[in-house]
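Undergrad: In order, the protein sequences belong to chains B and P.
As numbered in UniProt numbering, the first sequence has no gaps in its residue numbers, which increase by one up to the final residue, 559.
As numbered in UniProt numbering, the second sequence has no gaps in its residue numbers, which increase by one up to the final residue, 405.
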Amino acid sequence: MLRLAPVLLVILLVAPILAGLAMAMLPAFGYLPALGGDSVSLDPWRALFAQPGIWHSVAVSLASGLVATAVSLAVVLLYLAAVTGSRFDRWIRRLVSPLLSIPHAAAAFGLAFLIAPSGLIARLASPGLTGWERPPDLLIVQDPWGLSLIAGLVVKEIPFLLLMSLAALPQLDPERRVAMARSLGYRPTLAWWKVVAPSLYPLIRLPVFAVIAYASSVVDVAMILGPTLPPTLSVSILTWFSDPDLDMRFMASAGAILQLGVTATALAIWWGLERLVARLMGIWIARGGRRQGETGLRVAGKLWILLVTAVAFVGIGGLAIHSVAGFWRFPDALPGSLTASHWAQALPSLEGPIASTALIAVVATLLATTLALGALENEQRTGRYPSRALWLLYLPLIVPQIAFLFGLVVVMEQLGTRPTHGLIVFGHLLFVLPYVFLSLSEAYRRFDPRWSQLALTLGATRNTVFWRVRLPMLLAPMLTAMAVGLAVSIGQYLPTQLLGAGRVTTVTTEAVSLAAGGNRRVIGVWALVQACLPLAGFIIAIGLPKLLWSNRRGMQGAP
Amino acid sequence: MRAFSSRFSAALPALLLTTTGLQAAPDPDNWEAVLNEARGQTVYWYAWAGEQRTNDYIDWVAERVEAQFDIELTHVKMGDTAEAVSRVLAEKQAGNHDDGNVDLVWINGENFAAMKANDLLFGPFAEALPNFALTYPEHNPEVVTDFTLPTEGYESPWGRAQITFYYDSETVDSPPDSIVELLDWAEANPGRFTYPRIPDFTGSTFLKQALIALTDEDAALYAPVEESDFAAVTAPLWDYLDALHPHLWRSGRQFPATGPEMRSLMGDGELALAFTFTPSEPAAAVADYELPPSTRSYVPDGGTLGNVHFVAIPYNSPHKAGAMVVANFLLSPEAQAHKQDLAVWGDHTVLDVGRLDDEHQALFALDQDNPAMLPADALQRTLPEPHPSWMTALQDAWQARYIGN
Numbered sequence: 001m002l003r004l005a006p007v008l009l010v011i012l013l014v015a016p017i018l019a020g021l022a023m024a025m026l027p028a029f030g031y032l033p034a035l036g037g038d039s040v041s042l043d044p045w046r047a048l049f050a051q052p053g054i055w056h057s058v059a060v061s062l063a064s065g066l067v068a069t070a071v072s073l074a075v076v077l078l079y080l081a082a083v084t085g086s087r088f089d090r091w092i093r094r095l096v097s098p099l100l101s102i103p104h105a106a107a108a109f110g111l112a113f114l115i116a117p118s119g120l121i122a123r124l125a126s127p128g129l130t131g132w133e134r135p136p137d138l139l140i141v142q143d144p145w146g147l148s149l150i151a152g153l154v155v156k157e158i159p160f161l162l163l164m165s166l167a168a169l170p171q172l173d174p175e176r177r178v179a180m181a182r183s184l185g186y187r188p189t190l191a192w193w194k195v196v197a198p199s200l201y202p203l204i205r206l207p208v209f210a211v212i213a214y215a216s217s218v219v220d221v222a223m224i225l226g227p228t229l230p231p232t233l234s235v236s237i238l239t240w241f242s243d244p245d246l247d248m249r250f251m252a253s254a255g256a257i258l259q260l261g262v263t264a265t266a267l268a269i270w271w272g273l274e275r276l277v278a279r280l281m282g283i284w285i286a287r288g289g290r291r292q293g294e295t296g297l298r299v300a301g302k303l304w305i306l307l308v309t310a311v312a313f314v315g316i317g318g319l320a321i322h323s324v325a326g327f328w329r330f331p332d333a334l335p336g337s338l339t340a341s342h343w344a345q346a347l348p349s350l351e352g353p354i355a356s357t358a359l360i361a362v363v364a365t366l367l368a369t370t371l372a373l374g375a376l377e378n379e380q381r382t383g384r385y386p387s388r389a390l391w392l393l394y395l396p397l398i399v400p401q402i403a404f405l406f407g408l409v410v411v412m413e414q415l416g417t418r419p420t421h422g423l424i425v426f427g428h429l430l431f432v433l434p435y436v437f438l439s440l441s442e443a444y445r446r447f448d449p450r451w452s453q454l455a456l457t458l459g460a461t462r463n464t465v466f467w468r469v470r471l472p473m474l475l476a477p478m479l480t481a482m483a484v485g486l487a488v489s490i491g492q493y494l495p496t497q498l499l500g501a502g503r504v505t506t507v508t509t510e511a512v513s514l515a516a517g518g519n520r521r522v523i524g525v526w527a528l529v530q531a532c533l534p535l536a537g538f539i540i541a542i543g544l545p546k547l548l549w550s551n552r553r554g555m556q557g558a559p
Numbered sequence: 001m002r003a004f005s006s007r008f009s010a011a012l013p014a015l016l017l018t019t020t021g022l023q024a025a026p027d028p029d030n031w032e033a034v035l036n037e038a039r040g041q042t043v044y045w046y047a048w049a050g051e052q053r054t055n056d057y058i059d060w061v062a063e064r065v066e067a068q069f070d071i072e073l074t075h076v077k078m079g080d081t082a083e084a085v086s087r088v089l090a091e092k093q094a095g096n097h098d099d100g101n102v103d104l105v106w107i108n109g110e111n112f113a114a115m116k117a118n119d120l121l122f123g124p125f126a127e128a129l130p131n132f133a134l135t136y137p138e139h140n141p142e143v144v145t146d147f148t149l150p151t152e153g154y155e156s157p158w159g160r161a162q163i164t165f166y167y168d169s170e171t172v173d174s175p176p177d178s179i180v181e182l183l184d185w186a187e188a189n190p191g192r193f194t195y196p197r198i199p200d201f202t203g204s205t206f207l208k209q210a211l212i213a214l215t216d217e218d219a220a221l222y223a224p225v226e227e228s229d230f231a232a233v234t235a236p237l238w239d240y241l242d243a244l245h246p247h248l249w250r251s252g253r254q255f256p257a258t259g260p261e262m263r264s265l266m267g268d269g270e271l272a273l274a275f276t277f278t279p280s281e282p283a284a285a286v287a288d289y290e291l292p293p294s295t296r297s298y299v300p301d302g303g304t305l306g307n308v309h310f311v312a313i314p315y316n317s318p319h320k321a322g323a324m325v326v327a328n329f330l331l332s333p334e335a336q337a338h339k340q341d342l343a344v345w346g347d348h349t350v351l352d353v354g355r356l357d358d359e360h361q362a363l364f365a366l367d368q369d370n371p372a373m374l375p376a377d378a379l380q381r382t383l384p385e386p387h388p389s390w391m392t393a394l395q396d397a398w399q400a401r402y403i404g405n
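#1: Using 9 Å as the threshold, is the C-beta distance between A114/P and L246/B below it?
#2: Short of 6 Å in beta carbon distance, which residues of its chain neighbour G524/B, apart from the five on each side in sequence? Order them along the chain.
#3: Roughly how many angstroms lie between the CA atoms of I92/B and T309/B, to the nearest whole one?
#4: Report the residue from T339/B, I285/B, H56/B, I140/B whose alpha carbon sits nearest the alpha carbon of V235/B.
#5: From the DSSP output, in three-state form, read off L57/P for me.
#6: Does the pairing of the region 242–258 of chain B with the region 82–91 of chain P give three or more beta-carbon distances under 8 Å?
#7: Let me know the secondary structure DSSP gives W526/B once reduced to three states.
#8: Under three-state DSSP, which class holds G20/B?
#9: Between W328/B and chain P, is the shortest Cβ-Cβ distance under 9 Å, so that the two count as touching?
#10: Once the 5 residues before and after V196/B are set aside, which same chain residues still bring their CB inside 7 Å of it?
#11: Is Y394/B buried or exposed, if buried means 16 or more other CB atoms sit within 10 Å of its CB?
#12: Secondary structure at P150/P, three-state DSSP: helix, strand or coil?
#13: Decide if D268/P is buried, meaning its Cβ has at least 16 other Cβ atoms within 10 Å, or exposed.
#14: So, with DSSP's three-state summary, where would you put A222/P?
#15: Please name the residues in the region 236–260 of chain P whose beta-carbon is closer than 9 Å to at least one beta-carbon of chain B, in chain order.
#16: Taking a Cβ distance cut-off of 9 Å, strictly less, list which residues of the region 76–89 of chain P are near chain B, in chain order.
#17: What is the DSSP secondary structure of D38/B, counted as helix, strand or coil?
#18: What is the DSSP secondary structure of V311/B, reduced to helix, strand or coil?
#19: Helix, strand or coil, according to DSSP, for Y136/P in the structure here?
#20: Would you say residue 561/B reaches chain P, if we count a Cβ-Cβ gap shorter than 9 Å as a contact?
#21: Of all the CB atoms in chain P, is at least one closer than 9 Å to the CB of L229/B?
#22: For W145/B, report the span of its alpha helix (DSSP H) as first-last.
#23: Does any C-beta atom of chain P lie closer than 9 Å to the C-beta of V512/B?
#24: Once you ignore the five residues that flank I490/B on each side, which residues in its own chain have a CB closer than 8 Å to its CB?
#25: Keeping to the same chain, check which residues put their C-beta closer than 6 Å to that of K194/B; ignore five residues upstream and five downstream.
#26: With a CB to CB cut of under 7 Å and the five nearest residues on each side skipped, what residues in its chain are close to L350/B?
#27: Kindly say whether A476/B, judged by its beta-carbon, lies nearer than 9 Å to any beta-carbon of chain P.
#28: Give the range of the beta strand (DSSP E) segment to which T202/P is assigned.
#29: Excluding sequence positions up to five away, which residues of its chain have a Cβ less than 7 Å from the Cβ of A222/B?
#30: Could you give the distance in angstroms between the alpha-carbon of G502/B and the alpha-carbon of L458/B?
#31: Figure out for me which residue from M473/B, A254/B, A372/B, R521/B has the closest Cα to the Cα of L48/B.
#32: For L9/B, I'd like the list of residues in its chain whose CB is within less than 6 Å of its CB, leaving aside the five on either flank, ordered along the chain.
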């Protein structure tokens with residue numbers, strides 16, 4: 001039974017994606033009998049490459065994916081290198097974690113309202129400092145270079161990469177490495193860069209790849225913050241898929257396949273950059289500098305993460321103010337009046353979506369955790385090194401959703417499935433499982449084997465060891481992984497809407513369809529609700545071990 | 001795959017009991033039978049859900065049809081009607097011809113043309129609905145015409161929309177009264193006007209509105225675009241836009257994505273003049289604190305484009321009878337008057353109120369005194385929509401001209 005877990009895991013994730021991709025591939029080459037396309041041709045591709053600004057779209061997708069990832073990774077590494085365990089550092093770490101629970105779209109709306117010419121910053125500075133009585137006509141949000149898009153992605157990816165790094169760090173024993181380097185005369189931050197960073201990177205490489213794939217194919221953030229004339233490739237594809245002219249579906253499918261190529265190219269370029277940076281780092285380390293740049297690196301490490309955290313919180317704060325705002329004229333720093341009516345309107349319709357969201361998220365997360373634990377426990381018992389096939393686990397994170405989900409719907413229709421909560425749970429599992437596995441696997445694999453050996457010598461069976469020793473001792477990382485899983489499930493829009501035929505409403509589908517109305521006050525209400533649900537998961541994940549193990553300090557997990 | 005699917009459902013007799021997909025489609029001419037069949041059905045209505053007021057109205061409809069006809073109406077909320085079209089298309093692609101998910105869809109224009117052209121709709125049914133007669137189609141051809149295409153009974157009228165301009169009377173004294181004046185106004189007020197990015201629906205309508213005002217060959221617009229010299233007919237439009245864009249918001253280098261986004265920009269004070277397809281929207285937005293109380297709406301003297309929006313039934317809906325009963329209820333004076341009430345939604349009726357009996361006319365009596373609302377007679381200056389092929393051609397030409405430069 002246990003031996004089946006890794007196989008089941010891979011089939012469950014890989015089969016739907018391949019099937020969905022195949023169903024996108026057919027129309028991309030002109031085959032879609034329902035629309036009268038029954039011969040194979042290259043016409044959809046010709047139409048695609050004749051689209052105005054298509055290469056511009058591709059370039060923006062590629063660049064924003066790479067730059068956003070590079071910046072996020074740099075900020076996280078800078079911060080980790082500058083950490084000294086001071087109260088300030090712990091305070092920052094505690095502030096960053098909840099950011100993970102804020103939905104991408106909500107963070108993007110928050111950022112947009114912060115930096116727009118009529119946004120919060122301009123309002124606070126006007127008219128006193130700027131003399132603006134009306135918002136200036138400046139192109140800041142949705143700039144053609146994708147800078148605001150990159151900023152929005154960075155705000156959301158830093159918490160993710162930080163969490164993944166914090167989970168991987170302990171096995172490197174960074175304190176001892178840094179102490180060793182310091183005894184050779186290296187300043188602490190430089191020491192971290194030279195002896196910890198090169199070993200840390202391979203451990204967080206997969207999450208980094210996931211970030212690249214996500215950032216180069218993201219839809220919602222790009223719609224809010226990305227360039228518009230033309231938009232990113234992913235946004236264009238969605239527009240084509242929803243064009244009233246059904247013949248556009250052929251071109252849209254070709255676009256979906258092109259998106260896959262763009263993401264693959266981004267990954268390939270990153271791989272090349274890895275080589276380059278590794279070589280440069282090698283030279284830098286070999287030169288043996290012990291002091292130069294220490295102060296700069298340390299200050300940058302604290303400054304950047306502080307800035308990003310502040311931006312995210314102020315942005316969310318702006319949304320919170322909007323959710324209770326009356327009319328808010330520029331350049332007033334605060335709304336003219338406050339009202340509870342936006343909340344009062346939303347409350348009666350919250351119950352159903354919250355119940356569905358919670359049900360789907362909990363079931364998907366429990367299933368994912370069970371499967372991940374099964375695969376990991378199997379790995380422990382057979383003593384085999386993590387199989388190469390487990391790489392396939394990350395396929396759903398690396399193949400853009402937009403490339404295979406439309407095809408997956410057709411496959412599911414052919415299998416005669418009905419849109420139910422069950423089908424949606426299955427759809428969510430595709431994305432929840434990799435994240436749960438990603439968050440849990442390092443902690444599980446580095447679990448000191450002596451505990452289990454000790455229990456076995458005392459006559460416990462393998463199952464007893466699992467249930468009474470391993471599971472309780474890994475409670476903290478397991479709950480964190482589950483909290484991540486819940487957050488991922490709650491944030492899903494396309495899988496919920498497409499597999500549920502729109503009939504199952506979750507907080508996220510509700511938020512997205514209301515966002516179509518553009519009422520920032522309503523968006524504020526729903527974004528806060530959407531952020532609160534996963535936050536509850538994180539609070540439980542951090543609080544429960546502290547409560548259960550209040551008498552065992554070593555079991556309380558990382559803050 | 002079909003064989004597998006049939007076996008799958010055969011293995012689950014309970015599934016068969018809950019679906020009526022295998023029955024013959026109901027005959028709309030036998031209304032008694034339709035009502036009987038509809039009893040107890042669950043109708044999934046796919047409708048755009050971007051507006052709380054619209055959603056609340058649909059909730060009200062659900063309560064009424066439950067009470068009156070024993071139909072359970074579920075609002076499936078869409079951010080974009082195309083999602084429903086995609087769903088029906090995916091079902092057809094997969095060979096699901098009698099047990100689809102969509103029972104009723106809020107639709108018009110290009111989406112309707114596309115669904116009808118690809119045989120994705122059930123009908124004709126609309127003209128057999130008992131309340132349809134109240135629209136007096138012989139006097140109001142727009143209720144049986146969707147963007148110049150005859151509906152042929154494949155969709156049932158539901159409400160009316162018309163381009164309405166609105167502005168902040170505190171910052172604007174005299175808004176422009178025509179497309180030509182708009183250019184002068186934009187020059188005098190740089191950065192304070194824009195239109196939604198093509199291919200947005202509202203933005204595309206602005207192009208058509210401008211084209212009608214600028215071209216001399218109006219007649220050509222009401223026939224398929226292939227029948228005329230597109231470049232010649234639209235040349236004045238491109239000259240106009242080239243002159244207008246430098247004076248637009250962000251100097252025409254960026255456009256809001258949708259009409260609602262344009263409304264947000266009005267609320268933020270970035271724009272001073274905007275337009276909408278929903279005449280009641282400015283007044284509703286003032287009530288929701290989105291726009292300043294000094295907002296005023298108007299329809300320029302030459303009139304603006306207007307159209308009717310409809311509901312249609314996909315060809316593979318398993319609950320066609322229930323869907324027809326709902327479509328008929330939507331046409332009832334009770335439902336239409338409730339919808340027109342500004343406190344509810346403010347969407348204009350498709351019934352010919354002047355020809356209704358006194359009792360029903362009384363339901364529509366105006367008791368609204370809202371300064372942000374249009375005067376009651378403003379909506380009479382309606383220009384008909386051009387042929388849908390013009391919309392697509394204009395969108396393509398606009399994108400080729402203004403994207404990526």
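Every residue, glycine too, gets a C-beta built ideally from N, C-alpha and C.
TA: Taking the geometry as given:
#1: Translated into positions along the second sequence, residue 114/P becomes position 114. Translated into positions along the first sequence, residue 246/B becomes position 246. Yes.
#2: Against the first sequence, residue 524/B aligns to sequence position 524. Once the five neighbours on either side are set aside, the close Cβ partners of G524/B are L319, H322, S323.
#3: The residue you call residue 92/B lines up with position 92 of the first sequence. The residue you call residue 309/B lines up with position 309 of the first sequence. Near 8 Å, if we compare the C-alpha coordinates of T309/B and I92/B.
#4: As a position in the first sequence, residue 235/B is number 235, starting the count at 1. V235/B has its Cα closest to that of H56/B, out of T339/B, I285/B, H56/B, I140/B.
#5: As a first step, residue 57/P must be located in the second sequence, where it is residue number 57. A quick correction: the sequence has Tyr, not Leu, at residue 57/P. Residue state, collapsed to three classes: helix.
#6: Because the criterion of three Cβ pairs below 8 Å is met, the region 242–258 of chain B and the region 82–91 of chain P touch.
#7: Walking along the first sequence from the start, residue 526/B turns up at place 526. If DSSP states are grouped into helix, strand and coil, W526/B belongs with the helices.
#8: Locating residue 20/B in the first sequence gives position 20, where the first residue counts as 1. When DSSP states are grouped into helix, strand and coil, G20/B belongs to the helix group.
#9: For the purposes of this step, residue 328/B is identified with residue 328 of the first sequence, where counting begins at 1. Chain P contact via Cβ: present.
#10: Position 196 of the first sequence, counted from the first residue, corresponds to residue 196/B. Only L172, P174, R177, V178 meet the Cβ criterion.
#11: Looking up residue 394/B in the first sequence gives position 394. Result: buried.
#12: Looking up residue 150/P in the second sequence gives position 150. Strand, per DSSP.
#13: Residue mapping note: residue 268/P aligns to position 268 of the second sequence, counting from 1. Residue burial annotation: D268/P is buried, with at least 16 other C-beta atoms found within 10 angstroms of its C-beta.
#14: Locating residue 222/P in the second sequence gives position 222, counting from the first residue. In the sequence as displayed, the identity of residue 222/P is Tyr instead of Ala. The answer is helix: DSSP assigns Y222/P an H, G or I state.
#15: Those residues of the region 236–260 of chain P that come within reach of chain B (Cβ to Cβ, closer than 9 Å) are W249, R250, S251, R253, Q254, F255, P256, A257, T258, G259, P260.
#16: Taking 9 Å as the Cβ-Cβ cut-off against chain B, the residues of the region 76–89 of chain P that qualify are V76, K77, M78, G79, D80, T81, A82, E83, A84, V85, S86, R87, L89.
#17: Along the first sequence, read from residue 1 onward, the residue named residue 38/B stands at position 38. Strand at D38/B.
#18: The residue given as residue 311/B occupies position 311 in the first sequence. Three-state result, V311/B: helix.
#19: Mapped onto the second sequence, residue 136/P falls at position 136. Here Y136/P sits in coil by DSSP.
#20: Here chain B covers residues 1 to 559 and nothing more, so residue 561/B does not appear.
#21: Taking the first residue of the first sequence as position 1, residue 229/B is located at position 229. Yes, L229/B counts as interfacial toward chain P.
#22: In the first sequence, residue 145/B corresponds to position 145, counting from 1. Careful: W145/B lies outside any alpha helix (DSSP H) and carries neither H nor E.
#23: Taking the first sequence and counting its residues from 1, one reaches residue 512/B at position 512. It does: the Cβ of V512/B has a partner Cβ on chain P nearer than 9 Å.
#24: Residue numbering aside, residue 490/B sits at position 490 when the first sequence is read from its first letter. Cβ contact annotation for I490/B (same chain, cutoff 8 Å, sequence separation greater than five): P103, T357, A361, T506, V507, T508, Q530, L533, P534, in chain order.
#25: Counting from one through the first sequence, the residue named residue 194/B turns up at place 194. Residues I285 of the same chain have their beta carbon placed closer than 6 Å to that of K194/B, with the five preceding and five following residues left out of the count.
#26: The sequence position of residue 350/B within the first sequence is 350, counting from 1. V529.
#27: Taking the first residue of the first sequence as position 1, residue 476/B is located at position 476. No, A476/B lies away from the interface with chain P (no Cβ there is under 9 Å from its Cβ).
#28: On the second sequence, residue 202/P is found 202 positions in, with the first residue counted as 1. Counting along the chain, no beta strand (DSSP E) covers T202/P; the unbroken alpha helix (DSSP H) around it starts and ends at 201–214.
#29: The residue labelled residue 222/B in the question sits at position 222 within the first sequence. Taking A222/B as the centre and dropping the five residues before and after it, the same chain places the C-beta of L149, P231, T232, S234, V235 closer than 7 Å to its C-beta, in chain order.
#30: Position 502 of the first sequence, counting from 1, holds the residue named residue 502/B. Position 458 of the first sequence, counting from 1, holds the residue named residue 458/B. Whole-angstrom Cα-Cα distance: 55 Å.
#31: Your numbering for residue 48/B matches position 48 in the first sequence. Residue nearest to L48/B within the set M473/B, A254/B, A372/B, R521/B is A254/B (criterion: CA-CA distance).
#32: The residue given as residue 9/B occupies position 9 in the first sequence. These residues qualify, in order along the chain: L371, A375.
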